Each structure stands twice: as structure tokens, then as C-alpha cells.
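Student: One structure, pasted below without further comment.
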Ligand SMILES: [Zn+2]
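In this note's numbering, the protein residues as written are 19 to 314.
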């Protein structure tokens with residue numbers, strides 16, 4: 019194996035929940051190893067290391083000044099893990115694109131990673147309990163069910179951010195106290211809700227401070243039964259819990275960020291460990307094309 023630049027850290031959602039490591043629920047903080055692409059934000063730090071041999075005598079350089087700099091001088095002697103040598107600490111500077119180039123002791127290029135720095139952004143989210151005029155509601159005990167109180171909703175947002183924001187620099191922020199709000203529709207939404215029948219502007223319960231509206235629903239019509247997103251309105255099945263709820267929210271948030279503005283059943287990625295894989299259960303990884311689509 020040739021000398022290869024790899025990210026030194028990985029995030030594993032299961033480990034974060036104090037469970038066992040799950041290779042599918044892993045991401046590399048915006049690094050796509052196959053495409054050799056790293057997304058980062060100004061002020062963020064990413065440490066790379068070298069695998070595939072002994073990098074003694076190697077050097078690295080960045081080909082576009084000002085975008086990324088070295089937080090500390092790179093070095094190639096430390097042993098940072100099995101078959102991983104050296105540390106290359108990167109400091110996000112300004113919005114732009116640069117390449118991190120690894121050269122061997124003769125000055126020949128042996129690996130290269132494209133790095134794109136994007137501005138950190140925040141989108142405010144409001145969580146709702148969907149209610150229709152037949153007294154159906156997504157959450158049967160909205161005032162007492164612990165899964166829908168502020169701490170649980172904050173934790174849901176937090177974990178969705180660890181999945182999405184840590185890869186592409188767009189986070190979900192809170193409006194007000196973050197309390198669940200009833201979203202009353204003066205219509206019969208049926209036993210299974212068709213998102214195309216929902217007009218968020220028809221209800222005065224809408225939180226205008228929010229840029230992304232997430233309503234817990236009793237049942238969603240169509241193939242996407244865990245969640246569905248149209249423009250900036252998302253339905254989440256209220257019966258979801260734990261990681262499944264976090265991953266579904268993260269998946270739907272990325273549908274919104276990908277900006278199709280419609281219910282686009284085809285806008286999915288094709289690997290099982292992708293966050294945007296069509297069929298659940300799937301992973302949490304955002305790869306280069308998806309990252310660039312979110313931040314186009
Ligand atoms: Zn989807």
C-alpha cells in the first residue's frame with residue numbers, strides 16, 4: 019500500500035451512546051477517504067496522519083495560501099496507531115479550496131487531498147406535535163412523555179448536529195426554549211399523512227423564527243415511513259426513538275439542505291453507510307458529492 023493521508027479521528031454514533039463500535043455508524047468529520055476530500059470550517063482543526071508505510075523524510079505542503087494552515091509543524095516520526103505515523107494538524111482559515119500534498123523524501127508527490135473550507139451556518143429548528151381537526155396527534159402525551167420534553171429534544175438536536183454539522187458545517191439551532199409546540203391543522207389529515215397536503219402557512223402555530231420545521235406524526239403515507247421532507251417541512255414518525263430518531267432527523271435535515279425544495283425520492287446516495295442511503299437502517303457518512311451539494 020502506498021503512503022496515504024488519512025484522518026486521525028472518527029466519530030462513531032454507537033460509541034457516543036456508550037455502545038459497541040458500529041462500522042456503519044461512523045464518519046470522519048467531513049473526510050471522504052475514497053474521494054480524498056476534506057470539508058472544514060474556519061477555526062476548525064483536523065489532524066491527518068499517514069498510513070501505508072514509514073513516512074520518515076516526507077513533507078507536506080498546501081498549494082493555496084490562506085485557506086488552511088498548519089496549526090503546528092507537521093512531523094512524521096510519532097506512532098499514532100497501528101500502521102499510522104506522524105501528525106499533520108490543519109487549521110481552517112478562510113473560505114476556499116486548497117490541496118494538501120504529501121511528498122516523499124525525493125520530493126515526489128505520493129498523495130493529495132482536496133480541502134474545501136466553508137462558512138459555519140446555523141438553521142433554527144422547531145419541533146412540533148402534529149394535530150389535525152379529528153383530534154389525531156403525533157404525540158399522545160406531549161406534556162409528560164419524556165421523549166418530547168426539552169432535554170430530549172435538545173439531545174436529539176445535539177446528536178443530529180454531531181452527525182451532520184461535524185461533517186458539513188451546518189448546524190441545527192434552537193428557537194425559544196426549544197419546547198415542543200402543537201401544530202394544529204384545521205383539516206382531516208387522514209390515518210396516514212400525505213406531506214403534499216400540508217401547507218405550513220395555513221396554520222398560525224407555525225414558528226416563524228424557525229427555518230426548518232419538524233413535526234412528529236402518527237403515520238406517514240408513502241414509502242418513506244420513518245420521515246419525509248418537503249421544502250423546509252419535515253415529518254418524523256413519533257414512534258421513533260434513540261439512534262433511529264437521530265439518524266432519521268439527520269437524513270431529513272440533509273434532504274432539506276440539499277435543496278431540492280420538493281419531495282425528491284431519488285435524491286439519495288448509493289452506499290449503505292451513507293446517511294442519504296434510501297433504505298433504513300443505513301449509516302451516517304456524508305461523502306464528497308453530497309457535501310458539495312449541501313454547500314453548493
Ligand atoms: Zn430520504
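Glycine included, C-beta positions come from ideal geometry on N, C-alpha and C.
Source: prediction; values computed, not measured.
Below 7 Å, is the gap between the Cβ of residue 296 and the nearest heavy atom of ligand 1?
Tutor: Answer for residue 296: yes, Cβ within range of ligand 1.
Student: So, under 8 Å CB-CB, residue 45 and residue 261 are touching, yes? Tell me the CB distance rounded to an integer number of Å.
Tutor: In fact, because the Cβ distance is near 14 Å, the residues do not count as touching under 8 Å.
Student: Between the Cα of residue 41 and the Cα atoms of 301, 309, 128 and 314, which residue gives the shortest distance?
Tutor: Of the candidates 301, 309, 128 and 314, the residue whose Cα lies closest to the Cα of residue 41 is 301.
Student: Taking all protein chains shown into account, do 16 or more other C-beta atoms lie within 10 angstroms of the C-beta of residue 214, making it buried, or fewer, making it exposed?
Tutor: exposed
Student: Look at residue 135 and residue 63 and say whether their C-beta atoms are less than 8 Å apart.
Tutor: no
Student: Let me know the secondary structure DSSP gives residue 7 once reduced to three states.
Tutor: Limits of the chain in this structure are 19 at one end and 314 at the other, which puts residue 7 out of reach.
Student: Please return the same chain residues whose Cβ sits closer than 6 Å to the Cβ of residue 185, not counting the five positions on each side in sequence.
Tutor: 45, 48 and 304
Student: Run the proximity test for residue 273: is its beta-carbon closer than 7 Å to any non-hydrogen atom belonging to ligand 1?
Tutor: yes
Student: Would the stretch 171-181 and the stretch 262-276 be scored as touching if the rule is three or more Cβ pairs under 8 Å?
Tutor: Taking a contact to require three or more Cβ pairs closer than 8 Å, the stretch 171-181 and the stretch 262-276 qualify as touching.
Student: Please list the segments of the beta strand (DSSP E) lying wholly inside the stretch 111-148, counting only runs of 3 or more residues, in order along the chain.
Tutor: 114-121 and 127-135
Student: Check each candidate in 247, 123, 256 and 149 and name the one with the smallest Cα separation from residue 276.
Tutor: 247
Student: Using three-state DSSP, classify residue 257 as helix, strand or coil.
Tutor: Coil at residue 257, not helix or strand.
Student: Would you mind sorting residue 292 into buried or exposed? The rule is 16 or more other CB atoms within 10 Å of its CB.
Tutor: Classified as buried, residue 292 has 16 or more neighbouring CB atoms from the shown chains inside 10 Å of its CB.
Student: With distances taken between CB atoms, is the gap from residue 199 to residue 225 smaller than 8 Å?
Tutor: yes
Student: Which word fits residue 93, buried or exposed, when buried means at least 16 other C-beta atoms lie within 10 angstroms of its C-beta?
Tutor: exposed
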